[in-house]
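Novice:
Residue numbers (this note's numbering): 97 to 268.
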(Lines of atoms letter the chains of each structure in order from A; the text may use other names.)
(Lines give C-alpha, C1' and ligand atoms only; values in the text may rest on other atoms or scores of the structure.)
Protein backbone atom coordinates (compact mmCIF):
# COMPACT_ATOMS: atom_id res chain seq x y z
CA UNK A 97 0.00 0.00 0.00
CA UNK A 98 1.24 3.48 -0.78
CA UNK A 99 0.84 6.51 1.46
CA UNK A 100 -1.40 9.20 0.06
CA UNK A 101 -0.22 12.79 -0.16
CA UNK A 102 -2.87 15.50 -0.07
CA UNK A 103 -1.81 18.35 -2.40
CA UNK A 104 -4.85 20.65 -2.21
CA UNK A 105 -4.62 24.06 -0.59
CA UNK A 106 -7.19 23.93 2.16
CA UNK A 107 -9.07 26.87 3.56
CA UNK A 108 -7.68 27.58 6.99
CA UNK A 109 -9.20 29.72 9.68
CA UNK A 110 -6.94 30.50 12.60
CA UNK A 111 -8.19 32.06 15.78
CA UNK A 112 -5.90 32.83 18.69
CA UNK A 113 -7.40 32.71 22.17
CA UNK A 114 -7.76 34.78 24.16
CA UNK A 115 -8.58 37.36 21.50
CA UNK A 116 -6.58 40.25 22.90
CA UNK A 117 -4.85 41.51 19.78
CA UNK A 118 -1.45 40.65 21.29
CA UNK A 119 -0.68 38.04 18.61
CA UNK A 120 -0.36 38.67 14.90
CA UNK A 121 0.16 35.80 12.42
CA UNK A 122 2.67 36.92 9.82
CA UNK A 123 2.85 33.85 7.61
CA UNK A 124 1.32 30.41 7.23
CA UNK A 125 3.31 27.59 5.68
CA UNK A 126 1.65 24.43 4.44
CA UNK A 127 3.10 21.06 5.30
CA UNK A 128 2.54 17.62 3.85
CA UNK A 129 -0.24 15.52 5.31
CA UNK A 130 0.47 11.84 4.91
CA UNK A 131 -1.86 8.94 5.64
CA UNK A 132 0.06 5.73 6.23
CA UNK A 133 -1.45 2.27 5.86
CA UNK A 134 -2.63 0.67 9.11
CA UNK A 135 -0.34 -2.27 9.92
CA UNK A 136 -1.92 -5.48 11.19
CA UNK A 137 -0.46 -8.95 11.76
CA UNK A 138 -2.65 -12.00 11.09
CA UNK A 139 -2.32 -15.76 10.74
CA UNK A 140 -4.58 -18.75 10.24
CA UNK A 141 -6.02 -19.97 13.53
CA UNK A 142 -4.01 -22.93 14.86
CA UNK A 143 -6.20 -26.02 14.65
CA UNK A 144 -6.04 -29.48 16.19
CA UNK A 145 -8.11 -32.66 16.02
CA UNK A 146 -7.95 -36.44 16.31
CA UNK A 147 -7.36 -38.43 13.11
CA UNK A 148 -10.66 -39.14 11.30
CA UNK A 149 -9.65 -39.40 7.59
CA UNK A 150 -11.08 -35.92 6.89
CA UNK A 151 -8.47 -33.25 6.02
CA UNK A 152 -7.98 -30.53 8.62
CA UNK A 153 -8.07 -27.23 6.75
CA UNK A 154 -7.78 -23.66 8.01
CA UNK A 155 -11.11 -21.87 8.32
CA UNK A 156 -10.50 -18.79 10.47
CA UNK A 157 -7.81 -16.20 11.09
CA UNK A 158 -6.61 -14.37 14.17
CA UNK A 159 -4.49 -11.37 15.09
CA UNK A 160 -1.04 -11.99 16.50
CA UNK A 161 -0.61 -10.63 20.02
CA UNK A 162 2.08 -8.25 18.81
CA UNK A 163 -0.09 -6.80 16.03
CA UNK A 164 0.35 -3.02 16.25
CA UNK A 165 -3.23 -2.33 15.12
CA UNK A 166 -6.49 -4.09 14.28
CA UNK A 167 -9.14 -3.58 11.62
CA UNK A 168 -11.22 -0.49 12.15
CA UNK A 169 -14.75 -1.05 13.42
CA UNK A 170 -17.08 -1.97 10.58
CA UNK A 171 -14.31 -3.14 8.24
CA UNK A 172 -14.24 -6.79 7.21
CA UNK A 173 -11.41 -9.05 6.10
CA UNK A 174 -11.94 -11.81 3.53
CA UNK A 175 -9.15 -14.40 3.58
CA UNK A 176 -8.18 -17.39 1.42
CA UNK A 177 -6.04 -20.12 2.94
CA UNK A 178 -3.76 -22.91 1.79
CA UNK A 179 -2.61 -26.03 3.60
CA UNK A 180 -4.23 -29.17 4.96
CA UNK A 181 -3.32 -32.11 7.17
CA UNK A 182 -5.06 -35.50 6.95
CA UNK A 183 -2.76 -38.04 8.61
CA UNK A 184 -1.45 -37.80 12.17
CA UNK A 185 1.26 -35.16 12.26
CA UNK A 186 1.90 -31.43 12.06
CA UNK A 187 1.10 -29.35 9.00
CA UNK A 188 1.40 -25.67 8.12
CA UNK A 189 -1.40 -23.35 7.06
CA UNK A 190 -0.90 -20.06 5.25
CA UNK A 191 -2.93 -17.06 4.16
CA UNK A 192 -2.31 -16.62 0.45
CA UNK A 193 -4.88 -13.93 -0.35
CA UNK A 194 -6.83 -11.26 1.53
CA UNK A 195 -9.06 -8.26 0.87
CA UNK A 196 -10.32 -5.61 3.30
CA UNK A 197 -13.75 -4.12 2.75
CA UNK A 198 -15.34 -1.01 4.21
CA UNK A 199 -18.47 -2.89 5.25
CA UNK A 200 -19.94 -6.38 5.59
CA UNK A 201 -21.45 -6.28 2.08
CA UNK A 202 -17.90 -6.57 0.64
CA UNK A 203 -18.56 -3.89 -1.98
CA UNK A 204 -15.90 -1.26 -1.25
CA UNK A 205 -12.35 -2.65 -1.38
CA UNK A 206 -10.04 -0.68 0.92
CA UNK A 207 -7.15 -3.15 1.12
CA UNK A 208 -4.63 -0.45 0.15
CA UNK A 209 -5.34 1.32 3.45
CA UNK A 210 -3.88 -1.61 5.38
CA UNK A 211 -0.36 -3.04 5.55
CA UNK A 212 -1.16 -6.68 6.34
CA UNK A 213 1.64 -8.99 7.42
CA UNK A 214 0.77 -12.70 7.37
CA UNK A 215 2.31 -15.48 9.42
CA UNK A 216 1.95 -19.28 9.33
CA UNK A 217 -0.48 -21.28 11.43
CA UNK A 218 -0.34 -24.95 12.44
CA UNK A 219 -2.60 -27.89 11.69
CA UNK A 220 -2.11 -30.73 14.17
CA UNK A 221 -3.74 -34.12 13.65
CA UNK A 222 -3.28 -36.36 16.67
CA UNK A 223 -3.15 -40.16 16.39
CA UNK A 224 -6.52 -41.79 17.03
CA UNK A 225 -6.38 -43.31 20.54
CA UNK A 226 -8.09 -46.67 20.83
CA UNK A 227 -8.25 -49.05 23.78
CA UNK A 228 -8.21 -52.79 23.29
CA UNK A 229 -7.80 -55.85 25.47
CA UNK A 230 -7.52 -59.56 24.81
CA UNK A 231 -10.84 -61.39 24.95
CA UNK A 232 -11.14 -63.41 28.12
CA UNK A 233 -10.06 -67.01 27.58
CA UNK A 234 -9.26 -69.96 29.79
CA UNK A 235 -7.96 -73.51 29.40
CA UNK A 236 -6.86 -76.40 31.48
CA UNK A 237 -3.18 -76.36 32.29
CA UNK A 238 -1.16 -78.19 29.68
CA UNK A 239 2.26 -76.58 30.04
CA UNK A 240 1.79 -74.40 26.93
CA UNK A 241 1.33 -70.61 27.36
CA UNK A 242 -2.15 -69.28 26.70
CA UNK A 243 -1.74 -66.71 23.94
CA UNK A 244 -4.74 -64.50 23.15
CA UNK A 245 -5.98 -64.72 19.58
CA UNK A 246 -9.00 -62.42 19.77
CA UNK A 247 -9.05 -58.82 20.88
CA UNK A 248 -11.89 -56.44 21.67
CA UNK A 249 -12.33 -52.71 22.03
CA UNK A 250 -13.01 -51.48 25.52
CA UNK A 251 -16.49 -49.97 25.76
CA UNK A 252 -15.24 -46.90 27.66
CA UNK A 253 -12.90 -45.91 24.84
CA UNK A 254 -13.85 -42.63 23.17
CA UNK A 255 -12.64 -43.71 19.77
CA UNK A 256 -12.89 -46.90 17.79
CA UNK A 257 -11.59 -47.89 14.40
CA UNK A 258 -12.85 -45.96 11.42
CA UNK A 259 -15.00 -47.72 8.86
CA UNK A 260 -12.81 -49.70 6.49
CA UNK A 261 -9.87 -49.81 8.92
CA UNK A 262 -8.68 -53.01 10.60
CA UNK A 263 -6.45 -53.83 13.54
CA UNK A 264 -3.79 -56.52 13.58
CA UNK A 265 -2.32 -57.46 16.95
CA UNK A 266 0.96 -59.33 17.04
CA UNK A 267 1.66 -61.45 20.13
CA UNK A 268 5.03 -62.94 20.96
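Note that beta-carbon positions come from the ideal geometry of N, C-alpha and C, so glycine has one too.
Quick one: what's got a C-beta closer than 8 Å to residue 247's C-beta in the same chain, skipping five residues either side?
Specialist: Cβ within range, chain order: 228, 229, 230, 231, 263, 265.
Novice: Taking Cβ to Cβ, would you say residue 163 is nearer than 8 Å to residue 137?
Specialist: Taking 8 Å as the Cβ cut-off, residue 163 and residue 137 qualify as a contacting pair.
Novice: Per DSSP, what are the beta-bridge partners of residue 218 in this structure?
Specialist: BP columns for residue 218 point to 188.
Novice: In the DSSP output, which residue or residues are listed as bridge partners for residue 143?
Specialist: The partner list for residue 143 (beta bridge, DSSP) reads 219.
Novice: So what does DSSP say about residue 149, is it helix, strand or coil?
Specialist: Coil.
Novice: Would you mind working out which of 197, 202, 220 sits nearest residue 209, comparing C-alpha positions?
Specialist: For residue 209, the nearest C-alpha among the options comes from 197.
Novice: Let me know the secondary structure DSSP gives residue 176 once reduced to three states.
Specialist: Correct three-state label for residue 176: strand.
Novice: Looking only at its own chain, which residues have a Cβ that is under 8 Å from the Cβ of residue 160, when we skip the five neighbours before and after it?
Specialist: Taken in chain order, the residues that qualify are 137, 138, 139, 215.
Novice: Closest by CA to residue 184, which one among 178, 165, 149, 207?
Specialist: It is 149 whose Cα lies nearest to the Cα of residue 184.
Novice: Less than 8 Å between the beta carbons of residue 249 and residue 212, yes or no?
Specialist: Not closer than 8 Å, so no.
Novice: CB residue 217 to CB residue 199, shorter than 8 Å?
Specialist: Going by C-beta atoms, residue 217 is not nearer than 8 Å to residue 199.
Novice: From residue 234 to residue 242, what does the alpha carbon distance come to, in whole angstroms?
Specialist: For residue 234 and residue 242, the distance between alpha carbons rounds to 8 Å.
Novice: Beta strand (DSSP E) containing residue 228: first to last residue?
Specialist: Element bounds for residue 228: 228–230.
Novice: Whole angstroms is fine: what's the gap from residue 158's alpha carbon to residue 142's?
Specialist: When rounded, the distance between both Cα atoms is 9 Å.
Novice: Please tell me whether residue 167 and residue 220 are closer than 8 Å, where the distance is taken between their beta carbons.
Specialist: Cβ distance not < 8 Å, so residue 167 and residue 220 don't count as in contact.
Novice: Do you know how far the Cα of residue 147 is from the Cα of residue 255?
Specialist: One C-alpha to the other measures close to 10 Å.
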